Amino acid sequence: MDFIEQLRNELQKPLPGIEVQLEMASGNRLFYKEFKNPKTPKTGAVLIPLYFENNKPHIILIKRTTDNGPHSGQMAFPGGMFENGDITLYKTAIREAFEEIGIFEKNIE
1 MDFIEQLRNE LQKPLPGIEV QLEMASGNRL FYKEFKNPKT PKTGAVLIPL
51 YFENNKPHII LIKRTTDNGP HSGQMAFPGG MFENGDITLY KTAIREAFEE
101 IGIFEKNIE
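With the working numbering applied, the sequence shown corresponds to residues 1 to 109, in that order.
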């Protein structure tokens, strides 16, 4: 089984939930009550930029700005909030990836 096929299989499994999210959360993120119980969850999307170099998989991450917000200073996949003009979450991820790292939709599979 190749890497892409393995990845697709793994993505079909149930998500591990809040326990794993808290494991990976930055220290200041734990102080935000809405993290555990959002009254109005925000809709957003990310792109996982995966590419191969010398037959080895690589991903691209960005570092969020340091501004004391809930995602301040985090390493993250490019992505962000859904905007009305996006139509779908796929379009949100594409728009945000272009804004943050300059990837064009025509270069995404």
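Even glycine gets a Cβ: it sits at the ideal position worked out from N, Cα and C. Note that this is a predicted model, so its numbers are computed, not measured.
Between which two residues does the beta strand (DSSP E) carrying residue 114 extend? Summary: the structure shown does not reach residue 114, with the chain confined to residues 1 through 109, and so no result is reported for it.
Tell me which residue opens and which closes the alpha helix (DSSP H) that residue 98 is part of. The sequence position of residue 98 within the sequence shown is 98, counting from 1. 89-101 is the span of the alpha helix (DSSP H), which, as asked, contains residue 98.
Euclidean distance between Cα positions of residue 71 and residue 18: Position 71 of the sequence shown holds residue 71. Position 18 of the sequence shown holds residue 18. Distance between the alpha carbons of residue 71 and residue 18 is about 16 angstroms.
Round the Cβ separation of residue 63 and residue 75 to the nearest angstrom and send it over; I've been treating them as touching at under 8 angstroms. Here the question's residue 63 lines up with position 63 in the sequence shown. Here the question's residue 75 lines up with position 75 in the sequence shown. Right, their Cβ atoms sit about 6 angstroms apart.
Out of curiosity, what's the CA-to-CA distance linking residue 60 and residue 41? Position 60 of the sequence shown, counted from the first residue, corresponds to residue 60. Position 41 of the sequence shown, counted from the first residue, corresponds to residue 41. Straight-line measurement puts the Cα of residue 41 at about 26 angstroms from the Cα of residue 60.
Determine the contact status of residue 46 and residue 16, defining contact as a CB-CB distance below 8 angstroms. The count along the sequence shown starts at 1 and reaches residue 46 at position 46. The count along the sequence shown starts at 1 and reaches residue 16 at position 16. Cβ atoms of residue 46 and residue 16: not closer than 8 angstroms.
Beta strand (DSSP E) containing residue 3: first to last residue? By one-based count along the sequence shown, residue 3 stands at place 3. Counted as a single uninterrupted DSSP element, the stretch harbouring residue 3 is not any beta strand (DSSP E) but the alpha helix (DSSP H) occupying residues 3-11.
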